[in-house]
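Residue numbers (this note's numbering): 4 to 504.
Think of the CB as a built atom: it goes at the ideal place given N, C-alpha and C, for glycine as much as any other residue.
See structure below.
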């Protein structure tokens, strides 16, 4: 089993979606239990990835299978420390998403659960692929189950949201495909290690850089190509929002790390300032946009754009630190912070959307004005909501603090101005998050919506406990996560220093 561990992790949920689908609407509990057992099995098997040795070679557990022999395309899989962390997060979140939707989805639950499993397997494939064409196939295929989730179980404007999601992401992927075809024409292979070693002129790197950047920036999403995300979140069912925020956004920044850094290091260094400026705009401006939102989901969606700005800032700030100052230590710190922030944001944002889903299931409204005094009716829910809100603010002791602190600390070595602007997010983030908590949780019960809210069920409690444990462990003891990714980050920083021209 363990000789093909990565293939098993990818195909177990994908193939497992078939019997879940065949269970049919006549046997919804069978579909639910099958989906839960498959996600638990996937998570348990993924724990074997912890045998990854951070002191060994960077890419481990490699698999190679011939896919398209005439093109020299191989179904190659491998993981480094970053991949391991993202896969473990994906499989853990998968259990929580299935558990969270247990009784909520009554309309065609077998199809919903099958979509969840399909999405999980495809996301794992993205994080395992070491062949560019295989990566692209998984990268694009992820869009299909998400499109179905929003289109079938979404809100009143789901058609608009799905079309916007499809047009944005598919348009970006076209640029990526053109870049990959150009690289194949030069190297006659899609192997990422070979493409990274390919000598390219500055002009070639520049075109490839922007081709990749457009595709991945839309997925992150970065300003100004972020407008699809709030609409998708608002219309998506709770499980779709959790997958979207917790894992799907990460394939954008993961793609930057796998393609832009090793393949176009000179263009990346030359144009890094563009991404840094856009990241700072996301951190500050989008934070102010979040302040004026009246829909809870839309507020958290905008906060996701701001927090992912920290990830892109940490990645591209490393170019400045390595190329201009030769400061590999601070570059590694910033890159580590970006990777930790990716994992942290997955759990925190997933938890926030789950909390909103718990309230929506009882009141069927997401408008902040319809709430107030929720803690009087649901005290334990209030505890979890405040915990995740504090993590969203970056409170020390929670996972939200660790990555942001590492990026800000590294940014001082790049430029005090970058550090100053980046620090603003802590203030703005506290502003919109605490303002949300104040209006939703505190005060007297003023609406009938809240007055009829019932306490959390055991299922909802266990789902939120799962998120809380992850948020607190990373916040209090981040060393295992940092150590897991240490050699992978060091390798990335070495690639930044490579000159191809």
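Point to revise | N- and C-terminal bounds of the alpha helix (DSSP H) containing residue 114 | key: Counting along the chain, the unbroken alpha helix (DSSP H) around residue 114 starts and ends at 112-131.
Check your understanding: Do the region 205-214 and the region 161-170 touch if we need at least three Cβ pairs shorter than 8 Å?
Key -> Look at the beta carbons and you see the region 205-214 not touching the region 161-170: under three pairs across the two are nearer than 8 Å.
Practice item. List the endpoints of the continuous alpha helix (DSSP H) containing residue 61. Key: Residue 61 -> no alpha helix (DSSP H), and no H or E assigned at all.
Point to revise | Beta-carbon gap between residue 425 and residue 316 smaller than 8 Å | key: Yes, they are a contact pair.
Review point. Which one of 421, 381 and 410 has the shortest CA to CA distance from residue 280?
Key: When each option's Cα is compared against that of residue 280, the closest is 421.
Practice item. Taking 8 Å as the threshold, find out whether the region 366-380 comes into contact with the region 306-313 through three or more Cβ pairs. Key: Output reads no: the region 306-313 does not touch the region 366-380.
Practice item. Go ahead and pull the three-state DSSP assignment for residue 82. Key: It is a strand residue.
Review point. Three-state secondary structure (DSSP) at residue 370?
Key: Three-state result, residue 370: strand.
**Study point:** Whole-angstrom C-beta distance between residue 345 and residue 256, which should lie under 8 Å
**Key:** Right, their Cβ atoms sit about 6 Å apart.
Review point. Out of curiosity, what's the CA-to-CA distance linking residue 437 and residue 392?
Key: Computed Cα separation, rounded: 7 Å.
**Study point:** CA nearest to the CA of residue 130, picked from 442, 90, 210 and 98
**Key:** Checking every option, the nearest Cα to that of residue 130 belongs to 90.
Review point. So what does DSSP say about residue 497, is it helix, strand or coil?
Key: Taken through DSSP and simplified to helix, strand or coil, residue 497 comes out as helix.
Exercise for review: Write down every uninterrupted run of the alpha helix (DSSP H) in the region 382-411 whose length is 4 residues or greater and which is fully enclosed by it, in chain order.
Suggested key: With a minimum length of 4 residues, the continuous alpha helix (DSSP H) runs that stay inside the region 382-411 are 382-396.
Review point. Since residue 211 contacts residue 171 with CB under 8 Å, what's their CB separation in whole angstroms?
Key: Contact flag wrong, Cβ pair sits at about 21 Å.
Review point. With DSSP run on the structure shown, which of helix, strand or coil describes residue 105?
Key: Judged by DSSP in its simplified three-state form, residue 105 adopts coil rather than helix or strand.
Review point. Which term fits residue 338, buried or exposed, when burial requires 16 or more other beta carbons within 10 angstroms of its beta carbon?
Key: By the Cβ neighbour-count rule, residue 338 is buried, with 16 or more other Cβ atoms within 10 Å of its own.
Point to revise | Proximal residues to residue 13 (C-beta, below 6 Å), its chain only, five neighbours per side dropped | key: Answer for residue 13: 124, 127 and 128, listed in chain order.
Check your understanding: Under the three-state reduction of DSSP, which class applies to residue 76: helix, strand or coil?
Key -> Under the three-state reduction of DSSP, residue 76 is assigned to strand.
Review point. DSSP on residue 465, reduced to helix/strand/coil?
Key: In the structure shown, residue 465 sits in a helix (DSSP, three-state: H, G or I).
Check your understanding: Buried or exposed: which applies to residue 104, given that a residue is buried once 16 or more other Cβ atoms fall within 10 Å of its Cβ?
Key -> Classification for residue 104: buried.
Practice item. Can you tell me the Cβ-Cβ gap for residue 489 and residue 84, rounded? I've got them flagged as a contact below 8 Å. Key: Taking 8 Å as the upper bound for CB-CB distance, residue 489 and residue 84 are in contact here, some 7 Å apart.
Review point. Taking the DSSP output, what are the residues bridged to residue 71?
Key: Paired residues: 76.
Review point. Between which two residues does the alpha helix (DSSP H) containing residue 196 stretch?
Key: Here the alpha helix (DSSP H) through residue 196 covers 195-199.
Practice item. State the DSSP-derived secondary structure class of residue 66, mapped to helix, strand or coil. Key: In this structure, residue 66 counts as strand in the three-state DSSP scheme.
**Study point:** C-beta contact flag for residue 218 and residue 175 at 8 Å
**Key:** At a Cβ-Cβ threshold of 8 Å, residue 218 and residue 175 count as neighbours.
Exercise for review: Rounded to whole angstroms, what's the CA-CA distance from residue 23 to residue 504? Just pull it up for me.
Suggested key: Straight across, the Cα-Cα distance linking residue 23 with residue 504 is about 53 Å.
**Study point:** Distance, residue 360 Cα to residue 453 Cα
**Key:** Taking the straight line from one Cα to the other gives about 14 Å.
Practice item. Determine the direct distance from the alpha carbon of residue 234 to that of residue 297, and round the result to whole angstroms. Key: Each residue's Cα considered, the two are about 14 Å apart.
Check your understanding: Where DSSP assigns a beta bridge to residue 298, which residues make up the other side?
Key -> For residue 298, which the question treats as bridged, DSSP gives the partners 370.
Point to revise | residue 42 to residue 16 span [Cα, whole Å] | key: For residue 42 and residue 16, the distance between alpha carbons rounds to 7 Å.
Exercise for review: Evaluate the contact criterion for the region 348-365 versus the region 407-416: three or more CB pairs, one atom per stretch, below 8 Å.
Suggested key: Fewer than three Cβ pairs drawn from the region 348-365 and the region 407-416 lie within less than 8 Å of each other, which leaves the two stretches out of contact.
Review point. If you draw a straight line from the alpha carbon of residue 20 to that of residue 121, how long is it in whole angstroms?
Key: Straight across, the Cα-Cα distance linking residue 20 with residue 121 is about 6 Å.
Exercise for review: Could you pull the start and end residues of the alpha helix (DSSP H) that residue 210 belongs to?
Suggested key: Per DSSP, residue 210 belongs to the alpha helix (DSSP H) from 205-222.
**Study point:** Candidates 427, 350 and 468: closest to residue 394 by CA position
**Key:** For the set 427, 350 and 468, the Cα lying nearest the Cα of residue 394 is the one of 350.
Review point. Cβ atoms of residue 215 and residue 262: under 8 Å apart, would you say?
Key: Between residue 262 and residue 215, the gap from beta carbon to beta carbon is short of 8 Å.
Exercise for review: Could you check if residue 94 is buried or exposed, using at least 16 other CB atoms within 10 Å of its CB as the buried criterion?
Suggested key: Of the other Cβ atoms in all chains shown, 16 or more fall within 10 Å of the Cβ of residue 94; this residue is therefore buried.
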